[in-house]
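Taking it in order: structure first as structure tokens, then the write-up.
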Amino acid sequence: MYLKTLIIINLFALINFVHANENIVFYDIINFSIPNSLTDKVGNINNGRDIALSRKGNCLACHEIPMVDDIFQGNIGPSLAGVGNRYTIAELRLRLVNPYVLNPDSVMPAFYKVRDLKRVDKNYREKTILTAQEIEDVINWLSTLKTDKM
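Printed below as a string of structure tokens:
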């Protein structure tokens, strides 16, 4: 009886998860990258920059970003200068979607992960920080950061 109840509870949990995340795109991680786009659209570079510099992406909190005049740039994470030369689009995609695959102790948020997160307010559980299209926009913008100069 216990096993039957447990199966039914887990089935309802799965149905609720899928229903709450109708727009979640499933992806494959291959060789420490996500080779396939999360959307059918090419990322918009200008929108990606806007997201990265806004509170939504909040990249400036931890990273130095070249060609940005903000004096309050972070230094917890690596500089984003030259990131477009260091990583492929597929590698950048994994770093934004779920950096814990590469470093389980990372302090960088997983912008497109909804399961197995810690300390998430109940209003934000089962929700991604960025949409699939916003991920594509940000990584396309990051791929343009080719120079190592700040």
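Under our numbering, the first residue of the sequence shown carries the number 4, and numbering increases by one thereafter.
Virtual Cβ for every residue (Gly too), placed ideally from N, Cα, C.
Separation of residue j from residue i, as counted between CA atoms
i, j, result
"leucine 133", "phenylalanine 114", "6 Å"
"leucine 105", "glutamine 76", "24 Å"
"aspartate 140", "arginine 89", "18 Å"
"leucine 83", "histidine 66", "6 Å"
"arginine 122", "aspartate 108", "15 Å"
"glutamate 94", "proline 38", "8 Å"
"lysine 130", "asparagine 101", "14 Å"
"glycine 60", "serine 36", "20 Å"
"methionine 70", "arginine 96", "22 Å"
"threonine 91", "serine 146", "7 Å"
"isoleucine 142", "lysine 44", "13 Å"
"arginine 58", "asparagine 34", "31 Å"
"alanine 16", "aspartate 119", "Reliability fails at alanine 16, whose pLDDT of 39 lies under 50, so the model's placement of it is uncertain and the value that follows must be treated cautiously. Their Cα atoms are separated by approximately 14 Å."
"tyrosine 30", "asparagine 126", "25 Å"
"tryptophan 3", "asparagine 47", "Because the chain here runs from 4 to 153, residue 3 falls outside it and cannot be looked at."
"glutamate 137", "glycine 51", "7 Å"
"asparagine 78", "cysteine 62", "11 Å"
First and last residue of the uninterrupted alpha helix (DSSP H) at residue i
i, result
"leucine 99", "92–100"
"isoleucine 132", "Careful: isoleucine 132 lies outside any alpha helix (DSSP H) and carries neither H nor E."
"aspartate 53", "48–56"
"arginine 89", "86–89"
Cβ-based burial, residue i [other Cβ within 10 Å; buried from 16]
i, result
"alanine 64", "exposed"
"asparagine 49", "exposed"
"isoleucine 27", "buried"
"isoleucine 54", "buried"
"valine 3", "Only positions 4 to 153 of the chain appear in the structure, and residue 3 is not among them; the question remains open."
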